[in-house]
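Under numbering that gives the first Met the number 0, think of the first position of the sequence shown as 0, with each following residue one higher. In this text, a Cβ means the ideal position worked out from N, Cα and C, and glycines have one as well. Quick caveat, the model's predicted, so the values are computed rather than measured. Everything on this sheet refers to the single structure shown next.
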Amino acid sequence: MIKVLLIEDDPSMRNTLERTLARRGIQVVPCEDGARADAAWRACAPDVVLLDLSLPGKDGLEVLAQARQGGLTTPVLILTARGTVGDRIMGLNTGADDYLPKPFDLDELEARVRALARRSGDSAAPDKFTQVGDLRCDRHSGAIYFRDQVLELTPREAALLQALMLRAGHAVTKEKLFELVFPGETDVQYEAIEVVVYRLRKKLVHTGTTLMTLRGLGYLLKASP
């Protein structure tokens with residue numbers, strides 16, 4: 000079954016799409032706030048993301064740019080009332096795969112979702128994975144595996160681990176990790192990243208990888224010898 004992350008703040012539109020796509024055999028995970036979109040994206044590991052541009056908390060283009068910068072390669076279909084050519088070009092240049100202006104036909108939406116999911120599956124290749132020891136990160140979905148089992152991680156732990164895996168063997172600054180783990184959360188204390196590191200480190204004890212603290216540099220992930 001195709002899994003779709005729907006990032007849409009309009010409750011009527013969100014409910015309509017949830018019901019319609021569910022009837023057509025497509026699972027929908029809703030998210031109504033741009034500030035929570037990155038965490039939801041990493042947590043649910045969708046096949047396709049439906050993204051509105053006008054969102055509270057964080058604009059849709061910001062959500063998309065952050066996701067691409069953070070290594071998330073899930074196909075994105077933008078749904079928006081902004082129908083100008085300039086907006087369409089901006090969305091595609093930011094990393095969107097397709098664009099559907101509102102109002103749209105639901106049959107066309109379903110067809111585009113299935114096409115994106117199929118294209119993504121056809122293009123799956125070994126290089127879509129990042130491997131560190133026995134840990135494997137699917138850069139398309141954001142899911143992280145220990146051998147063949149999905150690791151049970153919170154969205155923040157997953158965001159942190161993925162960032163470290165993408166730069167395995169190199170230090171990642173605390174500032175960069177904070178941006179990825181707490182996107183747009185200005186009320187969170189800077190030291191909160193240390194709590195996430197502590198909890199993640201405990202979950203990695205038996206995985207053959209080590210999360211190291213490099214004073215003055217940040218954090219580093221490496222496979223144990």
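- If you ignore the 5 residues before and after Thr93, its C-beta comes within less than 6 Å of the C-beta of Leu60, Leu63 and Ala64, all in its own chain and listed in chain order.
- For Val131, the uninterrupted beta strand (DSSP E) segment begins and ends at Phe128 to Val131.
- Residue state for Tyr189 is assigned as coil, using DSSP reduced to three classes.
- A residue is called buried when at least 16 other Cβ atoms come within 10 angstroms of its Cβ; Arg111 meets this threshold and is buried.
- If you compare the alpha carbons of Leu105, Leu76, Ala44 and Ala80 with that of Leu91, the shortest gap goes to Leu76.
- With a minimum length of 4 residues, the unbroken runs of alpha helix (DSSP H) contained wholly in the region 28-109 fall at 36-43, 59-68 and 84-93.
- If you ignore the 5 residues before and after Ala116, its C-beta comes within less than 6 Å of the C-beta of Ile1, Asp46 and Val47, all in its own chain and listed in chain order.
- Gln148 is bridged by DSSP to Phe145.
- If you draw a 10 Å sphere on the C-beta of Asp147, you find fewer than 16 other C-beta atoms in it, and that means exposed.
- In this structure, Pro182 keeps its C-beta atom at 9 Å or more from the C-beta atom of Ala42.
- Membership of Val180 in the alpha helix (DSSP H) is indicated by the continuous run Lys173 to Val180.
- CA-CA distance, Ala39 to Ser223, rounds to 30 Å.
- The Cβ atoms of Leu203 and Leu160 lie closer than 9 Å to each other.
- Between Asp51 and Leu78, the beta carbon gap of about 5 Å places them in contact (Cβ cut-off 8 Å).
- Nearest Cα to Gly168 within the set Met211, Leu179, Val195 and Gly56: Met211.
- Per DSSP, the continuous beta strand (DSSP E) segment holding Arg135 begins and ends at Leu134 to Asp137.
- Out of Lys201, Glu184, Lys173 and Thr185, the CA that lies nearest to the CA of Ile192 is found in Lys173.
- Judged by DSSP secondary structure, Leu5 falls outside any alpha helix (DSSP H) and instead within the beta strand (DSSP E) spanning Ile1 to Ile6.
- Where Thr206 is concerned, there is no enclosing alpha helix (DSSP H), because DSSP gives it neither an H nor an E.
- Scanning its chain for C-beta atoms nearer than 6 Å, with the 5 sequence neighbours on each side dropped, one finds around Cys30 the residues Ile6, Ala36 and Ala39, in chain order.
- Proximity to Pro55 across Pro10, Gly69 and Asp96 peaks at Pro10, based on C-alpha coordinates.
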